[in-house]
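S.K.: Protein chains in written order, with the UniProt record's numbering: chain A, 1 to 279; chain B, 1 to 260; chain C, 1 to 274. Take this structure, written in structure tokens, and hold onto it; I'll ask about it next.
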Amino acid sequence: MPVDHRRIQGPECSEDYRKPKTLDAALLKKGSRRADGRKCGEQRKIFLKPGVVSQAKGSAYIELDHTKVICSVFDPREKASRNLEQQTVRGEIFCEFKFASFSGVQRRSHQQEADDKEYSLLLKNALEPAVCLHEFPNFQVDVQVLVLQDDGSSLAAAITCAGLALADAAVPMYDLPVGLSKAFSGDTEFFDPTGAEERMCLRGVDGESDHGVFTIGFLPTFNQVSQLFHSGHISSDRFGKMISEVGTLAAEVHKAVQAILLSAVKSSIDSSDNSKLLL
Amino acid sequence: MPRPLLHSLLSLILNQLTRVLHAVCSVYKQNFLAMNSNSSNGTHSDDKEECSVRPILCELGVITRPDGSAILTQGHTVVMSAVYGPSEVRMQRLQVDRAYVETVFRPKAGVPNTSDRLRETIIRDTCETAMIATLYPRTTISVILQEMEDSGGLLACSINASCLALMDSGVSMKFLFAAVTCGVTEDDLIIVDPDADKLKECKASLTFAFDSINKNVIASYTSGTFPVQTYNNGLEKCRQASDFLFDFYRDIVRKYASTL
Amino acid sequence: MSVHIKTIHPMKYMRDFLARNIRPDGRKLSEVRPTAINVGSISTADGSALVKIGNTVVICGIKAELTVPNAENPNEGFVIPNVELPPLCSPQFKSGPPGETAQVSSQFLADILVNSKCVDLQSLCIMPDKLAWVLYCDLICLDHDGSVLDACVAALVSALCTVTLPEVKFDAITKNKTVELEKRRPLTLTCFPFASTFATFDENSILADPSEEEESLCSGTISIVTSGDSLYSVHKPGGCQLSENRLSECISKAQKRSLTLRGMVEKSMESIKS
Chain A
1 MPVDHRRIQG PECSEDYRKP KTLDAALLKK GSRRADGRKC GEQRKIFLKP GVVSQAKGSA
61 YIELDHTKVI CSVFDPREKA SRNLEQQTVR GEIFCEFKFA SFSGVQRRSH QQEADDKEYS
121 LLLKNALEPA VCLHEFPNFQ VDVQVLVLQD DGSSLAAAIT CAGLALADAA VPMYDLPVGL
181 SKAFSGDTEF FDPTGAEERM CLRGVDGESD HGVFTIGFLP TFNQVSQLFH SGHISSDRFG
241 KMISEVGTLA AEVHKAVQAI LLSAVKSSID SSDNSKLLL
Chain B
1 MPRPLLHSLL SLILNQLTRV LHAVCSVYKQ NFLAMNSNSS NGTHSDDKEE CSVRPILCEL
61 GVITRPDGSA ILTQGHTVVM SAVYGPSEVR MQRLQVDRAY VETVFRPKAG VPNTSDRLRE
121 TIIRDTCETA MIATLYPRTT ISVILQEMED SGGLLACSIN ASCLALMDSG VSMKFLFAAV
181 TCGVTEDDLI IVDPDADKLK ECKASLTFAF DSINKNVIAS YTSGTFPVQT YNNGLEKCRQ
241 ASDFLFDFYR DIVRKYASTL
Chain C
1 MSVHIKTIHP MKYMRDFLAR NIRPDGRKLS EVRPTAINVG SISTADGSAL VKIGNTVVIC
61 GIKAELTVPN AENPNEGFVI PNVELPPLCS PQFKSGPPGE TAQVSSQFLA DILVNSKCVD
121 LQSLCIMPDK LAWVLYCDLI CLDHDGSVLD ACVAALVSAL CTVTLPEVKF DAITKNKTVE
181 LEKRRPLTLT CFPFASTFAT FDENSILADP SEEEESLCSG TISIVTSGDS LYSVHKPGGC
241 QLSENRLSEC ISKAQKRSLT LRGMVEKSME SIKS
């Protein structure tokens, strides 16, 4: 491996002291509650807050129990297009998704990894349909996402968080995108899965044909799906049913995000009113 | 020109430049070290007084391509410096009201790492404070330093070399600056301008850069642990020792002014 | 009205405030912003802390791994600090490898660890020449609003306080290591260094804990790292010249602040214990 002269160098090789996690089939006990006491269709409590980064145009922080994601959005800037052919009539959302090196059980490298790139693209696809891209031709809006701690559903959390951050940055949008994810193995379905549940469902338990995880970017106002990312194996009939189920749940999350945004806007109006009085 | 090509070209030029610097310098270094052993300067003798510094030797304008250059030896520490500018500035670096000052510090061997970056910023900020950058808006002034030999006080020697190169280049300056290093022994005694062997026995080392007018502190860089009182003592001793350097600058200018 | 002067003539805007011994955000010259320290919030890390100074936020996560000690120092482990200033924290940074500021900050933290010897590297050694701990301390700035070095040092030190390492038994012959995850012992720090940054606008106006706006308008900064009595670094990379008296003033202010910060770390450590 080439030496990185821009960072403080540690020893050449080091290894994790934890043993590789074994998959826990006990998570699959039918009918009972999940490891963290939730029901299968129940999601974790959401903590969501806009305006956390003072230097950014808009920002938001989301916490789903142990999954913690922060996102900031910056002013539109001209795209680095060299000639006329590369210029576009539509704007672009540029996403950068990064897992912090200490976010997972295993330490990650500082450089952008394969899944960072993949998630960046997925996030971009999930957000772009919600934004009025024609309003800023040939400009791009930078969306920076950092996962501080990953305990499952980090992409879904990032979509919801980035949606609120875009709204906080006053980027014109058709709808507030909401991200949700679901893991399933056999008949058991986990809504808003934790890291352990995700890992188990991705691998699948022996003898169960259906298994996998999917993340969906949803625009609840229009009842539209902006992005769907699935890995695993499932029959198309069941998949369609699952998506419509998730759609109803998305509406609930959407209401909550709207309420948060509304109170943020109200408080900013109140504070600007106060400052006007002072002047 | 496409940007990647421009970048590779720039880095190529820089590499060539340092290679030339290196070649030229090694010749000069030999000469200097030979001269060094013959020199019998009273104040700069090896068995030093409390506040004297190691023997200093310097030659200006040693390389022809840059606008100003200098090679400086302090004891056995040797640094070569070159100044380019004011010259054309890269678009990203452009400042409308002042010159953009950049510093490149090349270690003796290998690729610059984070500690060289730290050194670069100290040298750059010190140079920027001394020069009147507002006289050269929309330009860049580059100070390039090549470490030849480090036997203690490399940062101080680099700062002094950059000052000499700036003097040679004719860039306008508010004042001159000189840096002095001192070592702190286990029993909190101060050794001014120690060489590498003495520095090894020290628990801390302090480097200060002073301006030539009020002898106030421009830059301070420390390593190791030390009490406040020692810091102040070291500062005072280094300030006294900086007189040697300012005297030396005067001698150098006198010498080169007459040869012009 | 004041908003317009700020954009047209920022230096005059600043000077007018300072002439009346007050800063644009209403602070006195030597007043620091409210500070908050939160430890142990990242459960995937072996130690973590979040430090907030005004708007500036830095998070530090420490991951411990096992490695072979260096041949030069066979009975020492490693502490590797790295600062990241991602584009997330401020539009002035670009993505990609760390820029100059990030590199300098990382080196500054590494220097402080060496200077202060706050972590006894020998205590990180499990078996000389065979097995030792390496602590990767990754600091990420989440909001870049001035005095980031202060927040970085505080985050690093408070995160190091929270590190617990499991007991490891190493068999030199079979080279088997058994990690007892249940038996974790905390890392002990020999001292608690904290940094205080001051911005020098001119010889007479020295601003404690400058914000981003103040840093960009001032001619230079000075960072003092101390644990109360000993100094670990007086870092002044150029900028406005200072007399000795001014320097001493800054040092004594930094010493006082380091004690306050230490109290805050201890308080937040107690809160996670209970």
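Built from N, CA and C at the ideal position, the CB exists for glycine as well. What you are looking at is a predicted structure, and each value in this text was computed from that prediction instead of being measured.
Consider the Cβ of Thr64 (chain B): report whether some Cβ of chain A lies at a distance smaller than 8 Å.
M.R.: False, the Cβ-Cβ gap to chain A never drops below 8 Å.
S.K.: Report the neighbours of His5 (chain A) on chain B: residues whose CB is nearer than 8 Å to its CB, in chain order.
M.R.: Chain B residues near His5 (chain A): Val111, Pro112, Asn113 and Thr114.
S.K.: Among A:Leu219, A:Ser185 and A:Met200, which has the Cα closest to the Cα of Phe239 (chain A)?
M.R.: Here the closest residue by C-alpha is A:Ser185.
S.K.: By Cβ distance below 7 Å, which residues in the same chain neighbour Lys111 (chain B) in space, the five residues on each side in sequence not counted?
M.R.: Per the sequence shown, the amino acid found at residue 111 (chain B) is Val instead of Lys. Closer than 7 Å at the Cβ level, and outside the excluded window around Val111 (chain B), lies no residue.
S.K.: With burial defined as no fewer than 16 other Cβ atoms inside 10 Å of the residue's Cβ, what is the status of residue 282 (chain C): buried or exposed?
M.R.: The shown model of chain C, from 1 to 274, leaves out residue 282 (chain C), and the question about it has no answer.
S.K.: Does the Cβ-Cβ distance between Arg33 (chain C) and Asp209 (chain C) come in under 8 Å?
M.R.: Yes.
S.K.: Rounded C-beta distance between Ile213 (chain B) and Phe175 (chain B)? I'm assuming under 8 Å.
M.R.: At roughly 5 Å, the Cβ-Cβ gap stays under 8 Å, so Ile213 (chain B) and Phe175 (chain B) are in contact.
S.K.: Rounded to whole angstroms, what is the Cα-Cα separation between Ile123 (chain B) and Gln92 (chain C)?
M.R.: Their backbone Cα atoms lie some 23 Å apart in a straight line.
S.K.: Can you check which of these residues, B:Ser172, B:Phe105, B:Asp195 and B:Ile191, is closest to Thr77 (chain B) by C-alpha distance?
M.R.: Here the closest residue by C-alpha is B:Asp195.
S.K.: Alpha carbon to alpha carbon, how far is Glu128 (chain B) from Ser216 (chain C)?
M.R.: Distance between the alpha carbons of Glu128 (chain B) and Ser216 (chain C) is about 15 Å.
S.K.: Near Asn82 (chain C), what residues of its chain come up, given a Cβ to Cβ distance below 6 Å and the 5 sequence neighbours on each side ignored?
M.R.: Answer for Asn82 (chain C): Ser106 and Asp138, listed in chain order.
S.K.: Taking a cut of 8 Å between CB atoms, which residues from the region 211 to 227 of chain B lie near chain C?
M.R.: Within the region 211 to 227 of chain B, the qualifying residues are Asp211, Asn214, Asn216, Val217, Ile218, Ala219, Ser220, Tyr221, Thr222, Ser223, Gly224, Thr225, Phe226 and Pro227.
S.K.: List the residues of chain B whose Cβ lies closer than 8 Å to the Cβ of Ser243 (chain C), in chain order.
M.R.: Correct list: Asn214, Asn216 and Val217.
S.K.: Roughly how many angstroms separate the alpha carbons of Ser45 (chain B) and Leu57 (chain B), rounded to a whole number?
M.R.: Below a pLDDT of 50, predicted positions are generally treated as unreliable, and Ser45 (chain B), at 41, falls in that range; no measurement from the model is reported.
S.K.: Please return the same chain residues whose Cβ sits closer than 8 Å to the Cβ of Asp202 (chain C), not counting the five positions on each side in sequence.
M.R.: Only Ser219 and Cys240 meet the Cβ criterion.
S.K.: Mind the definition here: the region 85 to 101 of chain B touches the region 150 to 165 of chain B only if three or more C-beta pairs lie below 8 Å; say whether that holds.
M.R.: As far as the Cβ criterion goes, the region 85 to 101 of chain B does not touch the region 150 to 165 of chain B, which means the pair count is below three.
S.K.: How is Ala165 (chain A) classed by DSSP in three states: helix, strand or coil?
M.R.: In this structure, Ala165 (chain A) counts as helix in the three-state DSSP scheme.
S.K.: Going by DSSP, which residues form a beta bridge with Ala178 (chain B)?
M.R.: Looking at the DSSP assignment, Ala178 (chain B) forms a beta bridge with B:Phe210.
S.K.: Looking at the unbroken alpha helix (DSSP H) that takes in Gln103 (chain C), where does it start and where does it end?
M.R.: Per DSSP, Gln103 (chain C) belongs to the alpha helix (DSSP H) from Glu100 to Ser116.
S.K.: For the region 101 to 108 of chain B and the region 131 to 147 of chain B, state whether three or more C-beta atom pairs, one from each stretch, are separated by less than 8 Å.
M.R.: They touch, by the three-pair rule.
S.K.: Using a Cβ-Cβ distance cut-off of 8 Å, determine whether Leu118 (chain B) contacts chain C.
M.R.: Yes - at least one Cβ of chain C is within 8 Å of the one on Leu118 (chain B).
S.K.: Please state the DSSP three-state secondary structure of Ala259 (chain A).
M.R.: In the structure shown, Ala259 (chain A) sits in a helix (DSSP, three-state: H, G or I).
S.K.: Would DSSP call Gln144 (chain A) helix, strand or coil?
M.R.: If DSSP states are grouped into helix, strand and coil, Gln144 (chain A) belongs with the strands.
S.K.: DSSP puts Met131 (chain B) in a beta bridge; with which residues?
M.R.: Met131 (chain B) is bridged to B:Met173.
S.K.: For Leu242 (chain C) versus Phe194 (chain C), is the C-beta spacing smaller than 8 Å?
M.R.: Contact: no.
S.K.: What does the alpha-carbon distance come out to for the pair Cys141 (chain C) and Cys202 (chain B)?
M.R.: Approximately 35 Å between the Cα atoms of the pair.
S.K.: Between Pro237 (chain C) and chain B, is any beta-carbon pair separated by less than 8 Å?
M.R.: Chain B, which has a Cβ nearer than 8 Å to the Cβ of Pro237 (chain C), makes this yes.
S.K.: Mind pulling the chain B residues with CB within less than 7 Å of Val234 (chain C)?
M.R.: Simply Ser220, Thr222 and Tyr231.
S.K.: If we ignore side chains and look at the alpha-carbon of each, how far apart do Gly47 (chain C) and Thr162 (chain C) end up?
M.R.: Each residue's Cα considered, the two are about 5 Å apart.
S.K.: Run through chain C and tell me which residues come within less than 8 Å of Asp125 (chain B), C-beta to C-beta.
M.R.: Neighbours of Asp125 (chain B) on chain C, chain order: Gly220, Pro237, Gly238 and Gly239.
S.K.: What residue range does the beta strand (DSSP E) around Ser223 (chain B) cover?
M.R.: Val217 to Gly224 is the span of the beta strand (DSSP E), which, as asked, contains Ser223 (chain B).
S.K.: Between C:Val179, C:Pro74 and C:Pro24, which has its C-alpha nearest Pro11 (chain A)'s C-alpha?
M.R.: Looking at the Cα atoms, C:Pro74 is the closest of the given residues.
S.K.: Using a Cβ-Cβ distance under 8 Å, would Gln122 (chain C) count as near chain B?
M.R.: It does not: the Cβ of Gln122 (chain C) has no partner Cβ on chain B nearer than 8 Å.
S.K.: List the residues of chain C whose Cβ lies closer than 9 Å to the Cβ of Lys98 (chain A), in chain order.
M.R.: Within chain C, the residues near Lys98 (chain A) are Pro86, Leu88 and Ser95.
S.K.: Should Ile243 (chain A) be flagged as near chain B, meaning a C-beta pair shorter than 8 Å?
M.R.: Closer than 8 Å: no.
S.K.: According to DSSP, simplified to helix, strand and coil, what is Ala159 (chain C)?
M.R.: Residue state, collapsed to three classes: helix.
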